[in-house]
């Protein structure tokens with residue numbers, strides 16, 4: 037039977053060999069999900085909420101084991117991993133509390149005796165999830181999906197199988213019935229086959245544009261609902277009246293946390309000329325303080341990248357940008373003697389035609405784009421195929437809001453880094469995908485929005 041091996045990104049040492057599931061194992065999980073769906077969806081919503089709250093308790097109870105697994109498998113800093121686990125527990129509690137309101141039938145006055153919209157579960161959702169937030173990304177879809185009455189199968193990234201298995205353990209220990217959630221250790225070809233199975237009613241993917249195209253095409257061919265949360269190249273627009281102390285601190289955090297491997301990280305730093313030199317000087321000095329090392333060590337502030345091949349691809353993008361005229365202010369070369377280490381890197385004078393301008397840099401590399409004024413900043417911010425998030429930094433909140441509304445992306449934050457929040461819809465436009473997670477919009481993605489009309 038086919039298998040794959042996972043590696044520790046800091047040491048390069050082998051962690052685990054995972055055998056891919058065969059046809060019989062996949063069928064067993066599909067059948068179990070199909071059988072349990074009417075049981076799970078038939079439970080009182082309050083009962084589902086009780087179980088989902090127990091899942092949150094289980095995440096906190098197993099926080100150390102989850103943290104260590106995340107750090108070993110994808111290199112996440114210990115503190116970042118613990119914060120991710122807490123955020124995942126919180127999203128479970130959020131939907132346990134608010135799902136009833138989100139799913140409450142909505143009356144709509146018509147000439148009928150009664151007319152309203154009902155929100156009903158649709159069945160089994162296939163989730164294809166990434167490695168960069170291996171717990172949060174799962175619960176971001178799973179908490180609302182379960183509270184809506186759906187069941188789910190997870191095809192997780194191949195380098196975080198331990199995280200996937202621990203999530204399944206947490207749900208089982210919480211008393212969630214067998215089959216409501218399960219893990220498929222399968223490859224992409226097998227996942228495509230699972231999506232074609234009629235027992236799968238919808239699919240959600242967080243990942244690359246290439247993966248999104250493949251999954252969305254398959255879902256479209258099967259006429260199945262899909263949500264695509266893909267890559268981004270978020271703009272970080274700094275206007276001349278911004279508080280640079282605040283903006284620089286936020287810039288360093290947004291770009292270099294999680295080793296820069298975050299879809300909503302600031303990637304293109306668009307600076308008006310009045311503050312460009314001052315911002316860049318401060319930014320370089322602050323970024324120098326990021327210390328690469330063992331992600332289990334509390335002194336480490338820059339983690340390894342998740343895989344050596346990802347580090348090599350990032351270096352290709354950096355080198356091609358330099359060849360086209362970008363100037364290296366910091367970093368710019370892989371860390372010698374490491375398996376997947378890459379330093380905090382800042383490229384200045386980035387312009388059209390460079391990978392740093394046109395592509396997503398999924399690692400600790402910041403691109404500096406200098407512009408004349410606010411109008412040019414907006415034009416450059418929108419000069420991208422992506423549309424996930426963006427931020428605007430200014431001393432005038434009203435001005436920032438005006439600029440924010442001009443940026444073509446799914447979320448724009450004024451004087452704050454872009455982040456996901458259980459209360460707010462999350463998702464992108466253009467090549468950053470479509471559909472929304474979180475908030476009321478997220479729980480409504482995988483329900484039948486059903487009109488009921490009683491004459």
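In the working numbering, the protein residues as written are 37 to 491. Backbone N, C-alpha and C fix where the C-beta goes; we use that ideal spot for every residue, glycine too. Since the structure is predicted, the reported quantities are computational estimates derived from the model, not experimental observations.
In this chain, residue 425 is not harboured by any alpha helix (DSSP H); it is covered by the beta strand (DSSP E) spanning 425–429. For residue 272, the beta-bridge partners assigned by DSSP are 305, 427. Within the region 363–402, complete beta strand (DSSP E) segments of at least 3 residues are found at 363–366, 381–384, given in chain order.
106 is the residue among 63, 70, 106 whose C-alpha sits nearest the C-alpha of residue 46. The distance from the Cβ of residue 417 to that of residue 426 is about 6 Å, consistent with a contact at the 8 Å cut-off. Residue 294 sits in a helix when the DSSP states are folded into three classes.
Collapsing the DSSP output to three states places residue 465 in coil.
In the same chain as residue 357, and ignoring 5 residues on each side of it, the C-beta atoms closer than 7 Å to its own belong to 383, 386, 390, 391, 392, in chain order. At a Cβ-Cβ threshold of 7 Å, residue 461 and residue 475 count as neighbours. Of the other Cβ atoms in all chains shown, fewer than 16 fall within 10 Å of the Cβ of residue 415; this residue is therefore exposed.
The alpha-carbon of residue 335 is positioned some 29 Å away from that of residue 127.
Comparing alpha-carbon positions, the option among 338, 243, 332 lying closest to residue 371 turns out to be 338. Judged by DSSP in its simplified three-state form, residue 348 adopts helix. Under the three-state reduction of DSSP output, residue 149 falls in the coil class, being neither helix nor strand.
The DSSP-derived three-state label of residue 201 is helix. In the three-state reduction of the DSSP assignment, residue 194 falls in the coil class. Distance from the CA atom of residue 173 to the CA atom of residue 194, rounded to whole angstroms, is 15 Å. Annotation for residue 332: 107, 114 place their beta carbon closer than 7 Å to its own, counting only its chain and skipping 5 residues before and after.
Residue burial is scored here from C-beta neighbours: residue 321 has fewer than 16 other C-beta atoms within 10 angstroms and is therefore classed as exposed.
Close CB contacts of residue 284 within its chain, under the 8 Å cut and outside five residues either way in sequence, are with 315, 318, 319, 322 (chain order).
For residue 430 against residue 266, the beta-carbon gap comes to about 29 Å, at or over 8 Å, which does not count as contact. A check of alpha carbon separations from residue 250 across 103, 228, 217 identifies 228 as the nearest. Around residue 98, the same chain offers 202, 205, 206 as residues with beta carbons nearer than 8 Å, after the five sequence neighbours per side are excluded.
Across the structure, residue 400 and residue 329 are spaced so that their CA atoms are roughly 14 Å apart. Shown here for residue 220: same chain residues with a beta carbon closer than 7 Å to its own, the five before and five after excluded, namely 57, 62, 65, 189, 190, 191, 230 in chain order. Closest by C-alpha distance to residue 129, out of 86, 140, 186, is 86.
The shortest CA-to-CA distance from residue 428 to any of 490, 305, 379 is the one to 305.
In this structure, the beta-carbon distance from residue 171 to residue 76 does not fall below 7 Å.
Note that the C-beta distance between residue 376 and residue 343 is below 7 Å. With contacts defined by Cβ atoms closer than 7 Å, residue 481 and residue 263 form a contacting pair. For residue 410, the three-state secondary structure derived from DSSP is helix.
Note that the C-beta distance between residue 162 and residue 236 is below 7 Å. For residue 330, there is no enclosing alpha helix (DSSP H), since its DSSP letter is neither H nor E.
Going by DSSP, residue 299 is part of no beta strand (DSSP E) at all; its letter is neither H nor E.
Around the beta carbon of residue 242, 16 or more other beta carbons lie within 10 angstroms, which makes this residue buried.
Excluding the 5 residues flanking it on each side, residue 486 has same chain C-beta neighbours closer than 8 Å at 153, 154, 155, 156, in chain order.
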